[in-house]
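Okay, structure first, notes after.
Protein chains: 2
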Amino acid sequence: MGDETEIVRHIVKATTLKDIAEQTGYTVNTVSRALKNKSDISEATRTLIQQKAQELGYIGNTMASSLRSGMTRTIAVIVADVSNPHFSIAVKEIESAARKHDYTTFILNSYEDQDLEEKAIISALSKNVDGIIICPSQGGGQNIAFLQRTGTPFVLLGRRLDNDDVMDYVVSDDEKGGYLAAMHLLELGHRDILFLNAHHSISSSRERLAGYKHAMEEMGVPIRNELIREISTISGGVRNELKEIMESKLPFTAIFAFNDMMAWEAIFTLNKHHIRVPENISVVGFDNIQSRMFIPFPLTSVSNSKGKTSRKAFEILMKRIHKQNTELRYHEVVDTRLVIRESTRALPE
Amino acid sequence: MGDETEIVRHIVKATTLKDIAEQTGYTVNTVSRALKNKSDISEATRTLIQQKAQELGYIGNTMASSLRSGMTRTIAVIVADVSNPHFSIAVKEIESAARKHDYTTFILNSYEDQDLEEKAIISALSKNVDGIIICPSQGGGQNIAFLQRTGTPFVLLGRRLDNDDVMDYVVSDDEKGGYLAAMHLLELGHRDILFLNAHHSISSSRERLAGYKHAMEEMGVPIRNELIREISTISGGVRNELKEIMESKLPFTAIFAFNDMMAWEAIFTLNKHHIRVPENISVVGFDNIQSRMFIPFPLTSVSNSKGKTSRKAFEILMKRIHKQNTELRYHEVVDTRLVIRESTRALPE
DNA sequence: CTGAAAGCGCTTACAG
DNA sequence: CTGAAAGCGCTTACAG
Chain A
1 MGDETEIVRH
11 IVKATTLKDI
21 AEQTGYTVNT
31 VSRALKNKSD
41 ISEATRTLIQ
51 QKAQELGYIG
61 NTMASSLRSG
71 MTRTIAVIVA
81 DVSNPHFSIA
91 VKEIESAARK
101 HDYTTFILNS
111 YEDQDLEEKA
121 IISALSKNVD
131 GIIICPSQGG
141 GQNIAFLQRT
151 GTPFVLLGRR
161 LDNDDVMDYV
171 VSDDEKGGYL
181 AAMHLLELGH
191 RDILFLNAHH
201 SISSSRERLA
211 GYKHAMEEMG
221 VPIRNELIRE
231 ISTISGGVRN
241 ELKEIMESKL
251 PFTAIFAFND
261 MMAWEAIFTL
271 NKHHIRVPEN
281 ISVVGFDNIQ
291 SRMFIPFPLT
301 SVSNSKGKTS
311 RKAFEILMKR
321 IHKQNTELRY
331 HEVVDTRLVI
341 RESTRALPE
Chain B
1001 MGDETEIVRH
1011 IVKATTLKDI
1021 AEQTGYTVNT
1031 VSRALKNKSD
1041 ISEATRTLIQ
1051 QKAQELGYIG
1061 NTMASSLRSG
1071 MTRTIAVIVA
1081 DVSNPHFSIA
1091 VKEIESAARK
1101 HDYTTFILNS
1111 YEDQDLEEKA
1121 IISALSKNVD
1131 GIIICPSQGG
1141 GQNIAFLQRT
1151 GTPFVLLGRR
1161 LDNDDVMDYV
1171 VSDDEKGGYL
1181 AAMHLLELGH
1191 RDILFLNAHH
1201 SISSSRERLA
1211 GYKHAMEEMG
1221 VPIRNELIRE
1231 ISTISGGVRN
1241 ELKEIMESKL
1251 PFTAIFAFND
1261 MMAWEAIFTL
1271 NKHHIRVPEN
1281 ISVVGFDNIQ
1291 SRMFIPFPLT
1301 SVSNSKGKTS
1311 RKAFEILMKR
1321 IHKQNTELRY
1331 HEVVDTRLVI
1341 RESTRALPE
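As structure tokens, then:
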């Protein structure tokens, strides 16, 4: 331990309704009702009590009120890894929307691991959250099925599941995104397009692949499975795979990466091998992180409107929590579009 | 709203201690003690009760237990903006450490705004968090002073305050970092070093400036105030400032930016004006984000060990929560070092 | 080793 | 318009 200084410890007991009641002569009940602006309290009483609360620096004990009312005004967001900008932007947007509705947000990482995801869900449930926004981790939907059995409202964000017609979800139009990315490269003359995809248990991975294949077929380019790779989205996965591919001498002139971080890693790795982007290889990413940060490398990328997607997920969760339209499921597919920058160029004839 | 499907709504009431008590014939008290592995429960009873709990899928109600025990096993992390990788990495590390100690983490953004910071603190307090890790927002320490008066344990992360001898903090050695960055540029022959700094109410801003000045003085280079700029750390701030500087024709050959995001934005802006890094201008950043993400632009940057810093802050918070060493304050200054990449080069003679 | 009672700080439902 | 009582689901402190 570093520098350590002596202090006087502050011991402060939080003000409760009881304190306000004692100091105003009303009962705890009346104080509670006055502070919540209930209609059947006289104006004078309300003012008096609210002033006293202000004076004492009263901060309500949400825990206690939740225990009785059944609502915690708390939600949990469960993502693979907040340190991935794609998720941190979503978390920011959700926290921001939640705050405006007076909800507080738990953040939990699942690291694409089924066990950690289950723990995260249980952790959220034991905190009695009113609802959960979750990007289901790769590897299957057992945890989500469990979550559904508990009856706690939740919304899937960014990925859907096989049986998702009984759940709410907000996803991007990943098939269109995959199509746009591949078509862009095809139109530039590329034929050997390496797809650095994520695990096929992730719906967006499957759908982007469908889009890729669709574009290839439309242009009459045969689909070669050795060009389609499933890679860990964890940092370092692309580097290892790409090294192997280059050693195997598999020819390719363009890369379509599952997300921008993987695209960056691909470019980084290529550069290490003195291969230049876009001079030697064209690269397309997904997520358009560049719209939020001025990354100095101008990456062509599929934009999936994280702000809109996140806010939509929160809105739906609110509806679900407040039991509106309980017979309906909300299935939102947010449009994607291609943002062309300087990481892609035409293949020389 | 998009596609909407009818469903059967699941209504599930959570299992409580009472349910387990009824089904085993013991009282709620005994059930509680058995599940918490208290010593004065017979082995047979413990096993029976734990099996029944497992069978019923019992998930404890933390809220209820907190109300009685006074501990929520919940912490809050308050940062300027989780979508900034510097903070999202810290949040990830803290959440990860917290989970291992069975703590759950609230995330709150202050956006460098005093009012939002106050609301975030109140929100955390009303959730009865056991402790708070906070990166104090720019503009003064009134909110932290308020937080201290409440008696809730907290640790400052990344920034300290004037009166911080009465608080715990973990910061980087910012002065050393500023010194290393400036000295590196000076050794490369640069003299007109533009410092794109953050607001002076941020301690790390003041300390990095002190390091910058120290290096300049050591090399006998006069300090010119027009080269030292205070800029909003919000995305877009650098671009505007830099445009203005270029229009004013103020000459500079190198930039030292308060953080990597600002450095990236500077490079992005320079490139837009057809100025190349490092050919025309050298750039040094701070935070070394590149160690966590394969950003394809190799930025020279000051590394400040976010993993170590975050974990340290959590450890100290734990000590504070558990009232260890209450007479001492923990003041940690984590070492910084320069990581030289390709964004800096010697000034031509 | 187990139980009966009280209480954490609120809100709810009802009485007057 | 205000109050007295009960209760949310646990844990604590004590009794036996």
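Respectively, the protein sequence lines represent chains A and B. With our numbering applied, the first sequence covers 1 to 349. With our numbering applied, the second sequence covers 1001 to 1349. For every residue, glycine included, the Cβ atom is placed at its ideal position computed from N, Cα and C.
Could you tell me the boundaries of the beta strand (DSSP E) in which GLU315 (chain A) lies? GLU315 (chain A) -> not in any beta strand (DSSP E); alpha helix (DSSP H) instead, spanning 306-321.
Taking only three categories from DSSP, how would you classify VAL1155 (chain B)? strand
Return the chain-ordered list of same chain residues with a C-beta closer than 6 angstroms to the C-beta of SER1305 (chain B), the five sequence neighbours on each side being excluded. Result list for SER1305 (chain B): VAL1334, in chain order.
Counting only Cβ pairs nearer than 8 angstroms, list the residues of chain B close to GLY60 (chain A). SER1126
Option nearest GLU1117 (chain B) by Cα separation, candidates B:ARG1149, B:ILE1078, B:ILE1059, B:LYS1013: B:ILE1078
For a contact meaning CB atoms closer than 9 angstroms, what does ILE340 (chain A) contact in chain B? Near ILE340 (chain A) there are no residues of chain B at all, since even the closest Cβ is about 16 angstroms away, more than 9 angstroms.
Among B:LYS1119, B:ALA1080, B:ILE1267, which has the Cα closest to the Cα of LYS100 (chain A)? B:LYS1119
Given VAL8 (chain A), which residues of its chain have a CB within under 8 angstroms of its CB, disregarding the five upstream and five downstream residues? Legend: pLDDT at VAL8 (chain A) = 34, less than 50; position of this residue unreliable, value from coordinates given subsequently. If we look at VAL8 (chain A) and ignore the five residues flanking it on each side, it has no Cβ neighbours.
Counting C-beta neighbours from all protein chains within 10 Å, is the total for MET1001 (chain B) 16 or more, i.e. buried, or is it exposed? Legend: pLDDT at MET1001 (chain B) = 37, less than 50; position of this residue unreliable, no value from coordinates given.
Have a look at ILE49 (chain A) and ILE94 (chain A) and give me their C-alpha separation to the nearest angstrom. The alpha-carbon atoms of ILE49 (chain A) and ILE94 (chain A) are separated by roughly 34 angstroms.
Run through the DSSP bridge pairs and tell me what ASN1037 (chain B) is partnered with. ASN1037 (chain B) is bridged by DSSP to nothing; it lacks a bridge partner.
Does the structure place the region 1287-1294 of chain B close enough to the region 1226-1244 of chain B that three or more beta carbon pairs sit under 8 angstroms? no
Tell whether a beta-carbon distance below 9 angstroms holds between GLY1060 (chain B) and SER126 (chain A). yes
Measure the beta-carbon distance from ILE316 (chain A) to VAL91 (chain A) and round it to whole angstroms, keeping in mind my assumption that it falls under 8 angstroms. No, ILE316 (chain A) and VAL91 (chain A) are not in contact; Cβ-Cβ is about 17 angstroms, not under 8 angstroms.
Under 7 angstroms Cβ to Cβ from GLY1189 (chain B), same chain only, skipping five residues before and after it: list those, please. ALA1346, LEU1347
In terms of alpha-carbon separation, which member of B:ASN1128, B:GLN1142, B:ILE1121 lies closest to ILE1134 (chain B)? B:ILE1121
What do you reckon, are the CB atoms on THR326 (chain A) and MET1063 (chain B) nearer than 9 angstroms? no
Could you list which residues in chain A have their beta carbon closer than 9 angstroms to that of THR1233 (chain B), in chain order? Think of a sphere of 9 angstroms around the beta carbon of THR1233 (chain B): no beta carbon from chain A falls inside it, the nearest being about 12 angstroms out.
Report yes or no: do the region 1255-1272 of chain B and the region 1230-1241 of chain B share at least 3 C-beta pairs separated by less than 8 angstroms? Because the criterion of three Cβ pairs below 8 angstroms is met, the region 1255-1272 of chain B and the region 1230-1241 of chain B touch.
Along the chain, where does the beta strand (DSSP E) containing ARG229 (chain A) start, and where does it finish? 228-230
Output yes or no for whether 9 angstroms exceeds the beta carbon distance between ASN1163 (chain B) and GLY1139 (chain B). In terms of Cβ geometry, ASN1163 (chain B) and GLY1139 (chain B) do not form a close pair [threshold 9 angstroms].
Could you name the residues of chain B that MET293 (chain A) contacts, counting a contact when the two beta carbons are closer than 7 angstroms? SER1235, MET1261, TRP1264
Taking the alpha carbon of ALA97 (chain A) as the point to measure from, which residue in A:ILE275, A:ALA14, A:LYS312 has its own alpha carbon closest? A:LYS312
When you compare the CB of PRO348 (chain A) with every CB in chain B, is at least one pair closer than 9 angstroms? no
Below 8 angstroms on C-beta distance, what does HIS95 (chain A) contact in chain B? Here the sequence assigns Glu to residue 95 (chain A), which means His is not the residue at that position. Within 8 angstroms Cβ-Cβ: VAL1082, ILE1107, LEU1108, ASN1109.
Taking only the alpha-carbon atoms, compute the straight-line gap between THR1015 (chain B) and GLN1054 (chain B) and give it to the nearest angstrom. So the alpha carbons of these two residues sit roughly 11 angstroms apart.
Cα separation between ILE321 (chain A) and PHE314 (chain A)? Between ILE321 (chain A) and PHE314 (chain A), the C-alpha separation is close to 10 angstroms.
What whole-angstrom Cβ distance do ASP1168 (chain B) and ARG1329 (chain B) have, given they're in contact under 8 angstroms? 6 angstroms
Nearest-angstrom Cα distance between PRO1085 (chain B) and ALA1145 (chain B)? 28 angstroms
Using Cβ-Cβ distances below 8 angstroms, what residues of the region 1032-1064 of chain B are close to chain A? ILE1059, GLY1060, ASN1061, THR1062, MET1063, ALA1064
Three-state secondary structure assigned by DSSP to SER282 (chain A): Looking at SER282 (chain A) - three-state DSSP - the assignment turns out to be strand.
Can you find a C-beta in chain B that's less than 9 angstroms from the C-beta of ARG9 (chain A)? Its pLDDT being 35, under 50, ARG9 (chain A) is placed unreliably in this model, and the value from its coordinates should be taken loosely. For ARG9 (chain A), the nearest CB of chain B lies under 9 angstroms from its own CB, placing it at the interface with that chain.
Please tell me whether LEU1317 (chain B) has its Cβ less than 9 angstroms away from any Cβ of chain A. Closer than 9 angstroms: no.
Please classify ARG1239 (chain B): does DSSP put it in a helix, a strand, or coil? Helix at ARG1239 (chain B).
Bounding residues of the beta strand (DSSP E) (the contiguous stretch that carries ARG46 (chain A)): Taken as a continuous stretch (DSSP letters only), ARG46 (chain A) belongs to no beta strand (DSSP E), being part of the alpha helix (DSSP H) at 43-56.
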